[in-house]
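Let me begin by presenting the structure, written as C-alpha cells, before commenting on it.
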Amino acid sequence: KIAGIGNIYANDALFEAGILPTRPANKLDSGEIGKLRNAIVRVLEDGLKYGGSSAEDEAYIKPTGEPGSYQEHFRVYQREGQKCLKCGGVVKRIELGGRGTFFCSKCQE
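Counting with the numbering used here, you get residues 9 to 117 for the letters of the sequence shown.
Encoded structure:
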C-alpha cells in the first residue's frame with residue numbers, strides 16, 4: 009500500500025488551492041488541478057521546513073527527539089472557530105471520510 013499525504017497536509021493544501029474539501033476530484037478542471045499540485049508542494053515543503061507536526065501527545069517527533077513545529081503554521085487544520093488567515097472568515101470543521109476536515113467556506117469553492 010502507498011499512503012497519501014495525510015489529513016493535515018490535505019486540508020492545508022486544499023485551502024491554499026481554494027478548493028472545498030467536499031468537491032469530487034473528478035469535477036476539478038485542469039486549472040484547479042494545477043493549483044492543487046502547487047499547493048501540495050508548498051504545504052509539504054513547509055512541513056519539511058518545520059520538521060513535521062507534533063501534537064501534545066508527541067506521537068510524532070524528529071529523529072533528534074525534538075517535536076516538529078508545523079502545527080504552529082497550520083493554515084486551517086485544527087483551527088475550527090478561528091479566523092481564516094486569508095479573509096478573516098471563520099474556519100469550519102466537518103466529518104469527511106470519517107476524519108475531521110477543516111476549511112474556510114468563503115475562500116474555498
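Ideal Cβ placement from N, Cα and C applies to all residues, glycine included.
According to the DSSP secondary-structure assignment, P75 is paired through a beta bridge with I69.
Taking a cut-off of 8 Å for Cβ pairs, the region 66-81 and the region 90-106 do not touch, as fewer than three such pairs fall below it. When DSSP states are grouped into helix, strand and coil, G55 belongs to the helix group.
Measuring C-alpha to C-alpha distances from L93 to each of S62, G12, K114, E53 identifies K114 as the nearest.
In this structure, DSSP gives R107 an extended state, which the three-state scheme calls strand. The secondary-structure analysis by DSSP pairs V98 across a beta bridge with K91.
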